[in-house]
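Chains A and H, in that order, are what the protein sequence lines are.
Residue 669 is where the first sequence starts when you use my numbering, and the numbers rise one by one after that.
Residue 669 is where the second sequence starts when you use my numbering, and the numbers rise one by one after that.
For each residue, glycine too, the CB sits at the ideal point set by N, CA and C.
In this text, all values refer to a predicted model and were calculated from it rather than measured experimentally.
Note sheet for the following structure.
Number of protein chains: 2
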Amino acid sequence: MADHQLTRNQNLVLDALSHADAPLSAYTILDKLRDHGFRAPLQVYRALEKLLEFGLVHRLESINAFVACAHRHDHAHEHGVTAFTICEDCGNVTELCDSVIEERLSFLATQQKFKTEKTTIEIRGHCQTCAAA
Amino acid sequence: MADHQLTRNQNLVLDALSHADAPLSAYTILDKLRDHGFRAPLQVYRALEKLLEFGLVHRLESINAFVACAHRHDHAHEHGVTAFTICEDCGNVTELCDSVIEERLSFLATQQKFKTEKTTIEIRGHCQTCAAA
DNA sequence: TGCCACACGTTATAGCATAACGCAATTGAT
DNA sequence: ATCAATTGCGTTATGCTATAACGTGTGGCA
Ligand SMILES: [Zn+2]
Ligand SMILES: [Zn+2]
Ligand SMILES: [Zn+2]
Ligand SMILES: [Zn+2]
Chain A
669 MADHQLTRNQ NLVLDALSHA DAPLSAYTIL DKLRDHGFRA PLQVYRALEK
719 LLEFGLVHRL ESINAFVACA HRHDHAHEHG VTAFTICEDC GNVTELCDSV
769 IEERLSFLAT QQKFKTEKTT IEIRGHCQTC AAA
Chain H
669 MADHQLTRNQ NLVLDALSHA DAPLSAYTIL DKLRDHGFRA PLQVYRALEK
719 LLEFGLVHRL ESINAFVACA HRHDHAHEHG VTAFTICEDC GNVTELCDSV
769 IEERLSFLAT QQKFKTEKTT IEIRGHCQTC AAA
């Protein structure tokens, strides 16, 4: 994976996600970028589509929202299966890459001759900070 | 978990899901039940809410759809973390309960002092039958 | 009887995502 | 240089998913 040259819109969307302290919905991103000329949802969704393709952004299926990838993308780096913890109080998200999970899921799929395309693991609950409060 | 006495609407929704050979969206369920007097989405969503609570139905977050639980509910039976395989061609869904996955995710969460409320694992791809074709 | 809890029905609205059209800029042959 | 193909962009309209808010009816129970 080379470093992709992003378009203006893609950069704006990625910046919005990078500076957010919680996942953002597409429509929230749209609102944040109205001052930069964004007017319609498709402008956001088209940028997100590419950013997802490049691995710079992740989609959180269980909350219909998006986050910037927490990993560095300077070097060629593809991560495999990722589990996300999502705090339902503060929105904090962490990415967990674990080979035990990855291999076990791979084994379970193989066992039933299932050909995996994409795996989603999302753990919703309360982060350390919020659980303490 | 005792055997819950379901209402008419809940039974209709559960039947629709039980007899389907693929996950159904709430609106698809609504259409299937129009002949039985269903007129509005809320009738479906309210039934689903209870069925999810009773563990008789699962929600597939990654495709905004619902399936009847594949396990028997005659006896008291709560399943823990479940991974779903979802065939993108035929819609076939299987439920995988695996203690290795469950314990590993529990360990990972504990490690970062995250308090888990609900875990979603969904593997999308192609089932044995469809992958062969 | 009066109260409460719960399921239900209806209308309206909110929130998430894509279809379809046309235009403009870029690229990469010929 | 020119043409064709690709890609991104902007706009309008539409479709799909989910919930808010209000009112009704029924059964259990003090
Ligand atoms: Zn990442
Ligand atoms: Zn938190
Ligand atoms: Zn189940
Ligand atoms: Zn299949």
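Cβ closer than 9 Å: which chain A residues qualify as neighbours of residue i?
i                      : result
residue 795 of chain H : 780, 781, 782, 783
What's the gap between the Cα of residue i and the Cα of residue j?
i                      : j                      : result
residue 785 of chain H : residue 748 of chain H : 11 Å
residue 733 of chain H : residue 800 of chain A : 34 Å
residue 797 of chain H : residue 676 of chain A : 44 Å
residue 719 of chain H : residue 771 of chain A : 33 Å
residue 777 of chain H : residue 783 of chain H : 7 Å
residue 737 of chain A : residue 725 of chain A : 5 Å
residue 670 of chain A : residue 746 of chain A : In this prediction, residue 670 of chain A has a pLDDT of 47, which is less than 50 and means its spatial position is unreliable; what the coordinates show is noted afterwards. Looking at the two C-alpha atoms, the distance is approximately 11 Å.
residue 703 of chain A : residue 717 of chain A : 22 Å
residue 731 of chain H : residue 768 of chain H : 26 Å
residue 681 of chain A : residue 694 of chain A : 9 Å
residue 750 of chain A : residue 705 of chain H : 44 Å
residue 714 of chain A : residue 700 of chain A : 16 Å
residue 688 of chain H : residue 683 of chain A : 43 Å
residue 672 of chain H : residue 773 of chain A : 33 Å
residue 721 of chain A : residue 779 of chain A : 29 Å
residue 707 of chain A : residue 707 of chain H : 35 Å
Residue i touches chain H at which residues, Cβ-Cβ below 8 Å?
i                      : result
residue 777 of chain A : 753, 791, 793
residue 756 of chain A : 785
For residue i, verify whether its CB is less than 7 Å away from any heavy atom of ligand 5.
i                      : result
residue 784 of chain A : Ligand 5 is not part of the structure shown, which contains ligand 1, ligand 2, ligand 3 and ligand 4 as its ligands.
Around the C-beta of residue i, are 16 or more other C-beta atoms found within 10 angstroms, so that it is buried, or is it exposed?
i                      : result
residue 781 of chain A : exposed
residue 709 of chain H : exposed
residue 743 of chain H : Bear in mind that the predicted position of residue 743 of chain H carries a pLDDT of just 47, short of 50, making it unreliable; the figure below should be weighed with that in mind. Residue 743 of chain H comes out exposed.
residue 792 of chain A : buried
residue 794 of chain A : buried
residue 752 of chain A : buried
residue 678 of chain A : buried
Report the option in the options whose CA atom is closest to the CA atom of residue i.
i                      : options                    : result
residue 711 of chain H : H:719, H:754, H:698, H:722 : H:698
residue 696 of chain A : A:753, A:765, A:769, A:735 : A:735
residue 723 of chain H : H:674, H:791, H:779        : H:674
residue 757 of chain H : H:690, H:790, H:683        : H:690
residue 618 of chain A : A:683, A:692, A:687, A:684 : The structure shown does not extend to residue 618 of chain A, since chain A is modelled only from 669 to 801, so the question has no answer here.
residue 765 of chain H : H:678, H:787, H:706        : H:787
residue 762 of chain H : H:684, H:789, H:775        : H:789
residue 686 of chain A : A:714, A:672, A:729, A:740 : A:740
residue 755 of chain A : A:779, A:728, A:774        : A:728
Taking C-beta pairs closer than 9 Å, name the residues in chain H that residue i reaches, listed in chain order.
i                      : result
residue 799 of chain A : 781, 782, 783
residue 788 of chain A : 729, 730, 788, 789, 790, 791, 792
Legend entry - Residues in the segment 707-739 of chain H having any Cβ partner in chain A nearer than 8 Å: 729, 730
- [ ] Please name the residues in the segment 759-778 of chain A whose beta-carbon is closer than 8 Å to at least one beta-carbon of chain H, in chain order.
- [x] 762, 764, 766, 768, 769, 772, 773, 776, 777
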